[in-house]
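Peer 1: Submitted below is the structure of interest, expressed as C-alpha cells.
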Amino acid sequence: MSMVTSTTTMITTNFAFYIILALVMAVTAGIVGAFAVMRRLSIASDPMSHIALPGVGLALLFGVNPLLGATASLLVGAFIIWGLENKTKISTDAMIGVVFSLALAIGALITPSEEIINALFGSYSQISLLEFASGIAISLGIIIYLLYQKEKITLSILSPELAKTSGLNNQLLNLYFLIAMVMTIMLGLRYLGALLAGTLIIIPAVTAKNLARSLSSMFSISAVVSLISVASGLALSEKIGVEPGPVIICVAGLIFIASLLIKKPE
Amino acid sequence: MILSVKNLSVGFDELNVLENVNFDVSPGDILAIIGPNGSGKTVLLRALLHTIPYRGQIKWEKGVRIGYVPQKLFIDWSLPLTLREFLNLKTKIIGAGAGELEDVLSLVKLPGSFLDRPLAKLSGGQFQRALIAFAMIGDPNVLLFDEPTASVDTPSSAQIYEDLHKLCDQRKMTLLIVSHDLSLIYSYANKVLCLNKQNLCFGHPAEVLTPERLHELYGTPVKFYVHEHRFVGEEHEEGHEHGHEHHHHDHD
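Those protein sequences? They're chains B and F, same order as listed. If you're matching positions, the first sequence starts at 1 in the working numbering and goes up one per residue. If you're matching positions, the second sequence starts at 1001 in the working numbering and goes up one per residue.
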C-alpha cells in the first residue's frame, strides 16, 4: 500500500516537473524569439537546433545524459555562427544551411535507432530533481539576462555603429545572445526534439511582430503566444495520445495564421 | 586638434576602399567630406567610429563624445519599434536623465506627440531628425553626419543644414558631414575633404573647390552653385550590410 502511494507520488512529482519546466521554457523561447526575429535569425534558428542531434547521439552511445551532449554540440553551433558572422567573406546563411544539415545527417547515423524518433521529435521522459532545478535556473538566467540587457542587445542588432557610439561591445553582446538562444533550444529538446526545438523560438515571435504596436508589447505577446502553444499543445497531445512536439508547433502555427487575419490596430 | 588622421587605409578583400587619407579637425570645425559614389565616404566615417578594421592612425582627443547620424538604418521596417523606444535605447544605455528625451526632440524640432509613433510611420525627413535626436543624446561634442542621398528632399535638407549649423554654434560642437550638396557646403563648412579613395584635396572650400578639382573628383564638370541634388547618384555599394531599404518619401 505504502509502496503504491510512493510510486504515485513520484510519478505526480515528475509530471509536475515536466509541466512546470515546459511552461518556463515556453516563456524563455518567446522572449529569446523576439530578439531572434529582430536579428533576422528566423531562418537560421531551425537548422540551429539540428546540431543538437550529433551531441545526443554521441551521449547515448557513451551512456551520458543526452542533454549534456546536446548542450556541448549546441554551444559549438553558437560559436560557429558567431565566427561566421565576424567574417564578412563567407555567406552565413549558406554555411548554416550546409553545416547544420550535415550535423543532422551525421547525428541521425550515430543515434541508436530505438532513440531516433524521441531525439528528433521529443518525448515524455523522467526528469530528475537536478535536471529540473538546472532547467529552471538556466531559463531564469536567460530571461533575467535578456530583460536586463534588452536595450543593449536591441541597439546592437538595429545598428552596430550606433551601438558602438553608445559604448557597447557588439561582438560580445552577439555571442551572449547566441548562447542564450542555443541554451533555449537545449531546454526545448525534451519537448520538441532536434527537428522542432528551433521552431518554437520563431513562430510565437513572428506572430507577436504581426500583432504588436511597440517593441515591449512584442516581447510580452511573444512570451504569451509561446506559453499558450506549449500549454495547450501538451494538453492536446496527452488527450489524443501523440508526441507533444508536433502538436505544440501545430498550435503555434495556427495562432500565427490567426494573427495574419487580425489586422494590427492602427 | 580634436581629431587627427594619418595615412589611413581601409581595404575589403584586398581591394582598397581608402588609401592614405590624411586630415585633421580642430574644435568647432565644420568639415564637409565630399566625393563621388563609392569613394569611401561612409567607410571613412565607420573607420572613425572604429567599427571596421583599418591601417594608419586615427587619433581622437581624450574625452571626446561622438554622436553619429547614419545615412539609414538597415533594419526590418515591419518591426513595431516606436520613436520613444528607439531614443530610450540610448538614454537607458548611457544612463541619461528623463528630461533628455524632450530636450533632444526640441533640438531637432520634432513634436512630442511623435514619440509613440512607430519609426516606420515617420517620413524620410522626420526619420532623419529622429536619427539626429538619437545622436544628440548624451550631449556629444562631435557629430558625424552621413547625409542621405535620396530620402530627404532638398528644402528639408537645406533646413537641416541650417539647424545643424545653429546647433554647432550653440553647443560649440564639431561637425563632420558627408555631403552631396556643394552649394550648402560652400555656405556652411570651413573645411572640406575631397575623397576618391585617396584624399584629392583638403582645405578651405573657397580655396580648394575649384572647377578643375571638382572635374577631377567627379569625372564630369560640376557647377557647385547649381542646387542639383542628385548629381552624385545614389549610394548603394558603400554599405556592406544587406537589408531592406528605407522606403520613405518625404511628406513634410
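Glycine included, C-beta positions come from ideal geometry on N, C-alpha and C.
So which residues of chain B does F:E1014 contact, with C-beta pairs closer than 8 Å?
Peer 2: What F:E1014 touches in chain B, judged by beta-carbon distance under 8 Å, is nothing: the nearest beta carbon there is about 11 Å away.
Peer 1: Using the rule of at least 16 other Cβ atoms within 10 Å of the residue's Cβ for burial, across every protein chain shown, is F:M1001 buried or exposed?
Peer 2: exposed
Peer 1: Tell me the rounded alpha-carbon separation between F:V1025 and B:I179.
Peer 2: Cα-Cα distance, rounded: 42 Å.
Peer 1: How should F:A1047 be labelled, buried or exposed, when 16 other C-beta atoms within 10 angstroms of its C-beta is the threshold for buried?
Peer 2: buried
Peer 1: Just the chain F side, please: which residues come within less than 8 Å of B:K209 by C-beta, in chain order?
Peer 2: S1078, L1079, P1080
Peer 1: By alpha-carbon positions, which one of F:T1220, F:N1141, F:Y1068 ends up nearest to F:K1172?
Peer 2: F:N1141
Peer 1: Does the Cβ of B:I117 have 16 or more other Cβ atoms within 10 Å, making it buried, or fewer, making it exposed?
Peer 2: exposed
Peer 1: Taking only the alpha-carbon atoms, compute the straight-line gap between B:L155 and B:Y124 and give it to the nearest angstrom.
Peer 2: 39 Å
Peer 1: If you pair each beta-carbon of the segment 1122-1131 of chain F with each one of the segment 1046-1066 of chain F, do three or more pairs fall below 8 Å?
Peer 2: no
Peer 1: What's the call for F:H1227, buried or exposed, on a 16-neighbour Cβ count within 10 Å?
Peer 2: The pLDDT assigned to F:H1227 is 44, lower than 50, so where the model puts this residue is not dependable; a value taken from the coordinates is nonetheless given after this. F:H1227 should be labelled exposed.
Peer 1: How is the alpha helix (DSSP H) around F:R1046 delimited, first residue to last?
Peer 2: 1041-1048
Peer 1: Could you please give the first and the last residue of the uninterrupted alpha helix (DSSP H) stretch that includes B:A212?
Peer 2: Note, B:A212: premise wrong, no alpha helix (DSSP H); not H, not E.
Peer 1: So, is F:H1215 buried or exposed, given that buried needs 16 or more other C-beta atoms within 10 angstroms?
Peer 2: exposed
Peer 1: Quick check: is the beta carbon of F:I1093 nearer than 8 Å to any beta carbon in chain B?
Peer 2: yes
Peer 1: Using a C-beta cutoff of 8 Å, does B:R213 count as contacting chain F?
Peer 2: yes
Peer 1: Taking just the CA atoms, how far does F:H1180 sit from F:L1045?
Peer 2: 15 Å
Peer 1: Could you check the C-alpha separation between F:S1151 and F:R1129 for me, to the nearest Å?
Peer 2: Interpretation of F:S1151 is limited by its pLDDT of 49, a score under 50 that renders its predicted location unreliable; the figure taken from the coordinates is listed afterwards. If you take the alpha carbons of F:S1151 and F:R1129, they lie about 12 Å apart.
Peer 1: What is the rounded straight-line gap between the Cα of F:N1190 and the Cα of B:S159?
Peer 2: 30 Å
Peer 1: Which two residues bound the contiguous alpha helix (DSSP H) that contains B:G141?
Peer 2: 129-148
Peer 1: If the cut is a Cβ gap below 8 Å, which residues of chain F does B:L155 touch?
Peer 2: L1089, K1090, I1093
Peer 1: Which residues mark the beginning and the end of the alpha helix (DSSP H) in which F:V1104 is found?
Peer 2: Residue range 1100-1107 is occupied by the alpha helix (DSSP H) that includes F:V1104.
Peer 1: Starting from F:F1134, find everything on chain B with Cβ-Cβ shorter than 8 Å and list it in chain order.
Peer 2: Per Cβ cutoff of 8 Å: L162.
Peer 1: Going by C-alpha distance, which of F:N1088, F:L1073, F:V1017 is nearest B:L215?
Peer 2: F:N1088
Peer 1: Here's the rule I'm using: 16 or more other beta-carbon atoms within 10 Å means buried, otherwise exposed. How should F:N1199 be labelled?
Peer 2: When all chains shown are included, F:N1199 counts as buried.
Peer 1: If I measure Cβ to Cβ from F:F1145 and keep anything under 6 Å in the same chain, skipping five residues before and after, which residues do I get?
Peer 2: V1069, I1177
Peer 1: Nearest to F:I1066 by alpha carbon, out of B:I138, B:A163, B:L173?
Peer 2: B:A163
Peer 1: Counting only Cβ pairs nearer than 7 Å, list the residues of chain C close to F:R1046.
Peer 2: No chain C appears in this structure, whose protein chains are B and F.
Peer 1: By Cβ distance, which residues of its chain are closer than 7 Å to B:V182, with the 5 residues on each side in sequence left out?
Peer 2: M48, L74, L75, G77, A78
Peer 1: Under three-state DSSP, which class holds B:L261?
Peer 2: Here B:L261 carries a helix assignment [DSSP, helix/strand/coil].
Peer 1: Between B:L120 and the rest of its own chain, which residues show a CB-CB distance below 6 Å, the 5 nearest in sequence each way excluded?
Peer 2: G193, A194, L195
Peer 1: Mind checking B:Q126: buried by the 16 CB within 10 Å criterion, or exposed?
Peer 2: exposed
Peer 1: Got a sec? Which residues, its chain only, sit under 8 Å from B:R39 by beta carbon, not counting five neighbours each side?
Peer 2: I157, F177
Peer 1: Tell me where the beta strand (DSSP E) around F:F1023 begins and ends.
Peer 2: 1015-1025
Peer 1: Given that a residue counts as buried once 16 or more other Cβ atoms are within 10 Å of its Cβ, and exposed if not, what is F:R1230?
Peer 2: The predicted model places F:R1230 with a pLDDT of 40, which falls under 50 and marks its position as unreliable, so this point remains unresolved.
Peer 1: Using a C-beta to C-beta distance shorter than 8 Å, which residues of chain F count as neighbours of B:T71?
Peer 2: Going along chain F, no residue has its Cβ under 8 Å from B:T71, so there is no contact; the nearest lies around 30 Å.
Peer 1: Which residues, in chain order, does the segment 215-247 of chain B contribute to contact with chain F at a C-beta distance below 8 Å?
Peer 2: L215, S216, S217, M218
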